[in-house]
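>
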Amino acid sequence: MSASAPLAAFACVLRRDLLLALRRRSDVATTLFFFVIVVTLFPLGVGPEMSLLRTMAPGVLWVAALLASMLALGRLFAGDYADGTLEQLVLAPHPLGLLVGAKIAAHWLVTGLPLVLLAPLLGLAFDMRAEALGTLTLSLLLGTPTLGLIGAIGAALTLGLRGAGLLLSLLVLPLYIPVLIFGAGAVEAVAGGLGPGAHLSVLGALLVLALFFAPWAAALALRISLE
Numbered sequence: 001m002s003a004s005a006p007l008a009a010f011a012c013v014l015r016r017d018l019l020l021a022l023r024r025r026s027d028v029a030t031t032l033f034f035f036v037i038v039v040t041l042f043p044l045g046v047g048p049e050m051s052l053l054r055t056m057a058p059g060v061l062w063v064a065a066l067l068a069s070m071l072a073l074g075r076l077f078a079g080d081y082a083d084g085t086l087e088q089l090v091l092a093p094h095p096l097g098l099l100v101g102a103k104i105a106a107h108w109l110v111t112g113l114p115l116v117l118l119a120p121l122l123g124l125a126f127d128m129r130a131e132a133l134g135t136l137t138l139s140l141l142l143g144t145p146t147l148g149l150i151g152a153i154g155a156a157l158t159l160g161l162r163g164a165g166l167l168l169s170l171l172v173l174p175l176y177i178p179v180l181i182f183g184a185g186a187v188e189a190v191a192g193g194l195g196p197g198a199h200l201s202v203l204g205a206l207l208v209l210a211l212f213f214a215p216w217a218a219a220l221a222l223r224i225s226l227e
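Going by the numbering used here, the residue at position 160 of the sequence shown is 160; the numbering climbs one at a time, nothing skipped.
1) If you run the structure through DSSP and keep just helix, strand and coil, what is Pro174?
2) Exposed or buried, Gly123, counting other C-beta atoms within 10 Å across all chains shown (16 or more means buried)?
3) Please list, in chain order, all residues of the same chain as Leu18 whose beta carbon is under 6 Å from its beta carbon, the five residues on each side excluded.
4) Check whether the region 123 to 133 and the region 170 to 182 touch, using three or more Cβ-Cβ pairs below 8 Å as the test.
5) Does the distance from the C-beta atom of Gly112 to that of Pro58 stay below 8 Å?
6) Once you ignore the five residues that flank Arg23 on each side, which residues in its own chain have a CB closer than 7 Å to its CB?
7) Going by DSSP in three states, Ser4 sits in which element: helix, strand or coil?
8) Which stretch, first to last residue, makes up the alpha helix (DSSP H) that contains Val110?
9) Thr158 to Gly151, Cα distance in whole Å?
10) DSSP on Gly120, reduced to helix/strand/coil?
11) Looking only at its chain, what residues have a beta carbon closer than 8 Å to the beta carbon of Leu66, apart from the 5 residues adjacent to it on each side?
12) According to DSSP, is Thr158 helix, strand or coil?
13) Suppose you measure from the CA of Leu211 to the CA of Ala132; what does that come to, to the nearest Å?
14) Please classify Met50: does DSSP put it in a helix, a strand, or coil?
15) With three or more C-beta pairs closer than 8 Å as the rule, is the region 162 to 169 touching the region 197 to 209?
16) Taking C-beta to C-beta, are Leu118 and Phe35 nearer than 8 Å?
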C-alpha cells in the first residue's frame, strides 16, 4: 500500500459523504432552520430593548449553535450503520480513525460551516457591533468543529441503541460546556471592551486536542458498537 493511499481514502470518504449530503438537503435545511428559529425567537420574546439584546446575544447565538449541532449528530453514522457501509469501513485496510475523521469533516462542512456563516447575519438582530460579529464568527469557526468531534464520540458510542438520542445528549452536553463558556466569553469580552485572545486561544487548544484524539476515540467506539 502506497503512502498516499490513506489520504486518497480520506478524500474518497469525504467526497462520498458530501455527495450524500447534497442528496439529502432537507436534513441540512432542518438544522439551519432550527438555528434560525431559536435565535430569532429571543428578540421577539424579549422586545426591542437593544442594550438587553446585545448582552444576551453571545449566549443565545452560541447555545443555539450548540443545540443545532446536537440535532445533526444522530445522522453522522446512522445511515452507514443501516446500509452496512460502516462494517466495510471497519474492514478496510486503511486506519479507521482517518476514515472517521473524513466523515466528521464532511459532517461539519454541511452542518457546522453554514451555522458559522449564518451567525453574523442573525447577530444583526441583536444590534451587535462589527467587532463583536467578527469575534463571534471566529469563535464559532474554532468551536463548532470541536463540538462535532466530541459529538462524534457520543454518536459512535450510542449507535444502534434504543433511545440513542437521549443518551447522546446526556453524554456530550457536559463535554460541550467548556466550548460554550469560552466561545460565548470571547464575544462578551469584545462587547465589554476587552480582548478575546485568551478565550480564542483556549478554543484553539481544545480544537487541536479534539483533532488529535476524537477521531481515534470515535473509531474505537464504533468497533465496540459493532461487536
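Glycine included, every Cβ here is placed at the ideal spot set by N, Cα and C. Nothing here was measured: the structure is a model prediction, and the numbers come from that model.
Straight from the coordinates:
1) helix
2) buried
3) Cβ-Cβ distances below 6 Å link Leu18 to Ala106 in the same chain, with the five nearest sequence neighbours on each side left out; the list follows chain order.
4) no
5) no
6) Here the set comprises nothing.
7) coil
8) Premise fails: Val110 is in no alpha helix (DSSP H) and is neither H nor E.
9) 11 Å
10) Per the sequence shown, the amino acid found at residue 120 is Pro instead of Gly. Three-state DSSP puts Pro120 in a helix.
11) Leu147, Tyr176, Val179 and Leu180
12) In this structure, Thr158 counts as coil in the three-state DSSP scheme.
13) A direct Cα-Cα distance of roughly 27 Å separates Leu211 from Ala132.
14) helix
15) no
16) Cβ atoms of Leu118 and Phe35: closer than 8 Å.
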